[in-house]
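Everything on this sheet refers to the single structure shown next.
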Amino acid sequence: GQQVMQIPQYQHVQEGEDFTTYCNSSTTLSNIQWYKQRPGGHPVFLIQLVKSGEVKKQKRLTFQFGEAKKNSSLHITATQTTDVGTYFCVTGANSKLTFGKGITLSVRP
Amino acid sequence: DGGITQSPKYLFRKEGQNVTLSCEQNLNHDAMYWYRQDPGQGLRLIYYSQIVNDFQKGDIAEGYSVSREKKESFPLTVTSAQKNPTAFYLCASSHPVGTEAFFGQGTRLTVV
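Heads up: the protein sequence lines correspond to chains A and B, in order. The opening residue of the first sequence carries number 1 in the working numbering; numbering runs sequentially from there. The opening residue of the second sequence carries number 110 in the working numbering; numbering runs sequentially from there.
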């Protein structure tokens, strides 16, 4: 089945710095979703990308789907302490949702 | 309020006992999922259901069982055959299948 890789698992940034993380697959993905989980909380849906090369923005967050539909990126501009949490990329193929291991972002104030 | 409810939030059981985790949704979603989360492991799929009276094994189904007798409900039983049951369990639903998922608050199960 389709699987996605997220490396590294942890990243630490200074507040105000930009942050980019990637999600990679060895197979072509039908779509990619991104979720955020705050410490002690549950995952919350952020976005879904479907089209090759698609770019979507949500305030300081920019999501991109690769041209070959094998990778995706999440970019956060000028990180804030409210951005802390774990970000997961998820494939929605074959009638199930498969999560990557996620990247846990910490932000130093 | 529309949403997905898991109960209880914390659950303690003795080793060797079966335990059932509740998951109810009033979103009228066809698909429901159960995930297990361990530190550093992300979310791993246990079981999923696309429609009432039908469900499929996920990646780590051994030691677990589910039922889907009603659209709104998808209970998970952690059996004594599950070797490491202590974990954070998350239930989710989506409509249509494979799209944006809504999660419950989770149940933290501790087996002693």
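Cβ coordinates follow ideal geometry from the N, Cα and C atoms, glycine included.
Look at residue 83 of chain A here: in three-state DSSP terms it is helix. Among the bridge pairs identified by DSSP, residue 151 of chain B is matched with B:147. Taking all protein chains in view, the Cβ of residue 57 of chain A is surrounded by fewer than 16 other Cβ atoms within 10 Å, so the residue is classified as exposed. Within the same chain, 55 and 73 come within 6 Å of residue 64 of chain A by CB-CB distance, once the 5 residues on both sides are set aside.
Judged by DSSP in its simplified three-state form, residue 9 of chain A adopts coil rather than helix or strand. Residue pairing by DSSP puts residue 196 of chain B in a beta bridge opposite B:218. Beta-bridge analysis with DSSP links residue 166 of chain B to B:156. A direct Cα-Cα distance of roughly 32 Å separates residue 169 of chain B from residue 67 of chain A. Taking 8 Å as the cut-off, the Cβ atoms of residue 44 of chain A and residue 79 of chain A do not count as close.
Residue burial annotation: residue 100 of chain A is buried, with at least 16 other C-beta atoms found within 10 angstroms of its C-beta. Between the alpha carbons of residue 146 of chain B and residue 22 of chain A lies a distance of about 21 Å. Chain B has no Cβ within less than 8 Å of the Cβ of residue 65 of chain A.
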